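Participant: Below are the structure tokens for one structure; questions will follow.
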Amino acid sequence: MADDLAKPEELLENSGYKRPATGWMDTPIDIRPGMYCYASNPKSVEYVGLPNPRQWNPLEDDWKLPENWQEIVHKGIKERLEKFRSFKIFMDVCVRCGACADKCHFFIGTGDPKNMPVLRAELLRSVYRNDFTTAGKIFKSLAGARPLTLDVLKEWWYYFFQCTECRRCSVFCPYGIDTAEITIIGRELLNLLGLNIDWIATPVANCYRTGNHLGIQPHAFKDMLEFFVEDIEDITGINVEPSYNKKGADILFITPSGDVFADPGTYTCMGYMILFKYLKDKYGFDITWSTYASEGGNFGFFTSHETMKRLNSKMYAEAKRLGVKWILGGECGHMWRVINQYMETMNGPADFLEEPVSPITGTKFENAKSTKMVHIAEFVADLIKHDKLELDPSRNDNQIVTFHDSCNPARGMGMLEEPRYVIKNVCNNFYEMPANTIRENTFCCGSGAGLNAGENMELRMCGGMPRANAVKYVHEKHGVNMLACVCAIDRAVFPALMEYWVPEVDVTGMSELVANALIMPGEKDRDTDLRGEPLPGKEDE
Amino acid sequence: MPEVEFQGKKFNVDEDGFIDDYTNWSEEWVQFVKQEEGISELNDEHKKVIDVLREYYEKNGIAPMVRVLSKVTGFKLKHIYELFPSGPGKGACKMAGLPKPTGCV
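Going down the list, the protein sequences come from chains A and B.
Numbered per the UniProt record's numbering, the first sequence spans residues 1 to 541.
Numbered per the UniProt record's numbering, the second sequence spans residues 1 to 105.
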């Protein structure tokens with residue numbers, strides 16, 4: 001946590017919803033430390049061949065742009081208006097009713113009017129009107145138009161990287177305008193000038209080089225899973241040695257690399273390994289990990305459509321190379337948005353794969369017919385529904401659990417019931433947060449879409465405040481002490497958010513809870529959970 | 001890229017003060033980070049953490065996960081924080097000359 005970060009009370013006082021002294025077009029951009037992420041490292045930009053790699057600093061006046069930068073952006077907008085019908089409609093159709101204004105976690109947390117989704121979109125729309133509409137060309141600012149100046153560009157950069165593309169606003173828009181898609185286009189335009197943030201650019205370059213955001217090479221990837229094998233053997237007495245890059249396996253498993261590397265995601269990873277071993281011993285389940293398709297997430301999605309496509313392509317390529325039947329995906333957030341909304345169009349059709357059928361229950365995953373990718377929550381929910389898992393939920397009795405719907409699985413693929421069904425079957429104590437903060441109304445963690453860096457901690461604590469507030473409510477009302485989620489960014493950022501707003505609450509993934517409850521054939525009498533904490537009733541041993 | 005000078009040696013560092021390149025690491029860098037971190041005396045335990053980090057990085061091209069660092073050194077996370085007040089990432093990795101990890105971490 002940053003040392004100079006304001007205390008929670010101070011942050012709340014500062015954020016107040018004060019009426020600005022000047023109109024939004026006349027309010028100059030003020031790029032404030034704590035609210036932005038560092039500029040992209042030129043080495044990373046260069047590695048994937050994106051434009052204008054150079055050392056630059058957002059706080060300096062000169063952003064070292066190409067001389068014809070305005071022309072590049074104008075052309076960029078034009079191309080995208082022609083290519084994306086949705087973008088054109090979203091530019092034209094907004095009536096500025098304001099229904100979205102107070103739905104954004106960043107607006108609620110910062111009180112900055114330019115974080116109202118309508119106004120964030122207006123930053124780009126104003127330039128669109130100026131350059132592409134007759135009314136804008138003639139009536140200028142009277143018609144809400146303004147030319148693209150350097151200050152406007154800086155404003156784009158600052159605010160398009162203060163949006164987590166969570167799409168909560170779009171749920172409330174009477175026109176169904178998806179502000180995330182406007183941010184996506186905004187960032188794509190910024191990338192034409194080399195204006196990315198490093199927390200996105202470097203994971204993208206790493207992923208392109210090694211297959212995952214963290215830059216884990218194959219031998220290290222294997223080494224990390226082996227470490228978990230040892231830990232799991234200590235706890236359960238069972239050797240869960242997984243298979244790697246196995247040709248002819250039935251199923252390929254892909255999960256975010258955060259699960260392999262960062263706590264508490266590592267316990268979720270141990271959860272997958274325990275589950276797969278259980279299914280192998282009981283039902284002959286044949287699944288393999290890949291050291292190449294070793295990333296579920298896709299920070300290319302936060303850069304440009306083209307970059308997303310390039311990073312995503314390894315999933316099908318590896319499935320084809322290994323000759324598996326279908327792909328099982330782990331607990332990741334934006335991975336599922338990419339898969340559900342784009343993958344088949346970008347890198348499909350995956351006609352070399354089969355329509356996914358659970359080899360254990362025979363259930364056909366109709367929803368995964370086109371992508372051939374099944375989410376671990378639906379896969380496990382189906383196993384539990386068919387009574388295929390032997391579970392002792394009392395082993396999770398020390399946890400009083402609530403569930404955070406990760407934005408993308410919830411709003412990007414409509415997965416609302418499955419994780420709840422699983423958690424309620426493996427835990428005895430489960431409480432929902434208030435209805436307007438969960439399911440399709442879920443509040444973002446405040447750090448998604450590549451904003452989970454360390455230097456923008458004030459932004460993250462502001463943006464995560466509405467979510468933390470709902471956690472605080474169930475903590476105070478029901479004694480909730482564990483926040484469960486199905487996303488690696490969530491698992492990476494919630495510990496800091498909880499420490500700041502609700503320090504009594506810890507963070508877990510669904511699969512960790514499953515593995516704690518799962519009774520493995522031949523296991524020893526377990527004394528601890530996966531974290532080495534004593535199980536209920538074993539505290540004194 | 002900012003430059004820092006310490007005991008006659010120059011180092012290029014990123015915004016968070018991490019050294020730009022692992023190969024530019026030297027004893028002066030260790031002393032510099034020691035001062036930055038406000039560590040009064042470097043003992044064998046500090047040295048052990050640094051050695052483990054560097055050895056792992058040379059083999060794997062990435063910092064070890066915290067749990068590995070903890071297991072290999074035998075130091076609990078709390079103790080690592082006692083040794084390096086900014087923690088295993090911003091303190092120990094920085095001193096060992098490793099880059100910061102990025103991604104879902």
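For glycine and all other residues, C-beta sits at the position ideal for the given N, C-alpha and C.
Predicted, not measured: the structure shown is a model, and the values here were computed from it.
Classify residue 443 of chain A: buried if its beta carbon has 16 or more other beta carbons within 10 angstroms, exposed otherwise.
Facilitator: buried
Participant: Got a sec: is the Cβ-Cβ distance from residue 214 of chain A to anything in chain B below 7 Å?
Facilitator: With respect to chain B, the C-beta atom of residue 214 of chain A has a partner C-beta closer than 7 Å.
Participant: Please list the terminal residues of the continuous alpha helix (DSSP H) segment that includes residue 77 of chain B.
Facilitator: 77-83
Participant: List the endpoints of the continuous alpha helix (DSSP H) containing residue 92 of chain A.
Facilitator: 85-93
Participant: Would you report the Cα separation of residue 337 of chain A and residue 408 of chain A, rounded to the nearest angstrom?
Facilitator: 6 Å
Participant: Determine, for residue 409 of chain A, whether the minimum Cβ-Cβ distance to residues of chain B falls below 7 Å.
Facilitator: no
Participant: Going by CA-CA distance only, name the one from A/40, A/500, A/410 that's closest to residue 569 of chain A.
Facilitator: Residue 569 of chain A lies beyond the stretch modelled for chain A, which goes from 1 to 541, so this question has no answer here.
Participant: Measuring CA to CA, which of A/87, A/138, A/115, A/102 is closest to residue 125 of chain A?
Facilitator: A/87
Participant: Would you report the Cα separation of residue 52 of chain B and residue 20 of chain B, rounded to the nearest angstrom?
Facilitator: 20 Å
Participant: Does any residue of chain A bring its CB to less than 7 Å from the CB of residue 95 of chain B?
Facilitator: no
Participant: State buried or exposed for residue 334 of chain A, treating a residue as buried only when at least 16 other CB atoms are found within 10 Å of its CB.
Facilitator: buried
Participant: What does the alpha-carbon distance come out to for the pair residue 66 of chain B and residue 530 of chain A?
Facilitator: 16 Å
Participant: Candidates A/206, A/98, A/208: which alpha carbon is nearest residue 174 of chain A's?
Facilitator: A/98
Participant: Can you find a C-beta in chain A that's less than 7 Å from the C-beta of residue 88 of chain B?
Facilitator: no
Participant: Determine whether the beta carbon atoms of residue 426 of chain A and residue 486 of chain A lie at a separation below 7 Å.
Facilitator: no
Participant: Determine whether the beta carbon atoms of residue 536 of chain A and residue 428 of chain A lie at a separation below 7 Å.
Facilitator: no
Participant: Does the separation of the CB atoms of residue 396 of chain A and residue 220 of chain A fall below 7 Å?
Facilitator: no
Participant: Is the CB-CB distance between residue 405 of chain A and residue 439 of chain A below 7 Å?
Facilitator: Contact: yes.
Participant: Against chain A, with Cβ distances strictly below 7 Å, would residue 73 of chain B count as a contact?
Facilitator: no
Participant: Which first and last residues belong to the alpha helix (DSSP H) in which residue 7 of chain A is found?
Facilitator: It is not in any alpha helix (DSSP H) - residue 7 of chain A carries neither H nor E in the DSSP assignment.
Participant: Of all the beta strand (DSSP E) runs that stay within the bounds of the region 347-379 of chain A, which reach a length of 3 or more residues?
Facilitator: 373-375
Participant: Counting Cβ pairs closer than 8 Å, one from the region 341-353 of chain A and one from the region 495-510 of chain A, do we hit at least three?
Facilitator: As far as the Cβ criterion goes, the region 341-353 of chain A does not touch the region 495-510 of chain A, which means the pair count is below three.
Participant: Can you tell me where the alpha helix (DSSP H) holding residue 10 of chain B begins and where it ends?
Facilitator: It is not in any alpha helix (DSSP H) - residue 10 of chain B instead sits in the beta strand (DSSP E) that spans 9-12.
Participant: Check each residue of the region 40-60 of chain B: if its Cβ is closer than 7 Å to any Cβ of chain A, include it; give the result in chain order.
Facilitator: 60
Participant: For a quick check, are the C-beta atoms of residue 118 of chain A and residue 148 of chain A less than 7 Å apart?
Facilitator: no
Participant: With distance defined between alpha-carbon atoms, name the residue in A/341, A/100, A/189, A/468 nearest to residue 51 of chain A.
Facilitator: The residue from A/341, A/100, A/189, A/468 with its alpha-carbon nearest to that of residue 51 of chain A is A/189.
Participant: Keeping to the same chain, check which residues put their C-beta closer than 6 Å to that of residue 384 of chain A; ignore five residues upstream and five downstream.
Facilitator: 425
Participant: Take the Cβ of residue 271 of chain A as the centre, count every other Cβ of all protein chains shown within 10 Å, and call the residue buried at 16 or more, exposed below.
Facilitator: Buried is the call here.
Participant: Counting only Cβ pairs nearer than 8 Å, list the residues of chain A close to residue 15 of chain B.
Facilitator: Those within 8 Å of residue 15 of chain B in chain A are 38, 455.
Participant: When the Cα atoms are used, what is the spatial distance from residue 181 of chain A to residue 347 of chain A?
Facilitator: 20 Å
Participant: Note down the Cα distance separating residue 26 of chain B from residue 73 of chain B, rounded to an integer number of angstroms.
Facilitator: Cα-Cα distance, rounded: 22 Å.
Participant: Can you tell which of A/238, A/239, A/254 has its C-alpha closest to the C-alpha of residue 245 of chain A?
Facilitator: A/254
Participant: Compute the distance between the beta-carbons of residue 454 of chain A and residue 106 of chain A, then report whether it is under 7 Å.
Facilitator: no
Participant: Would you say residue 534 of chain A faces chain B, with C-beta separation under 7 Å as the test?
Facilitator: no
Participant: Measuring only between beta-carbons, confirm whether residue 157 of chain A sits less than 7 Å from chain B.
Facilitator: It does not; no Cβ of chain B falls within 7 Å.
Participant: Return helix, strand or coil for residue 484 of chain A, following the three-state DSSP convention.
Facilitator: In this structure, residue 484 of chain A counts as strand in the three-state DSSP scheme.
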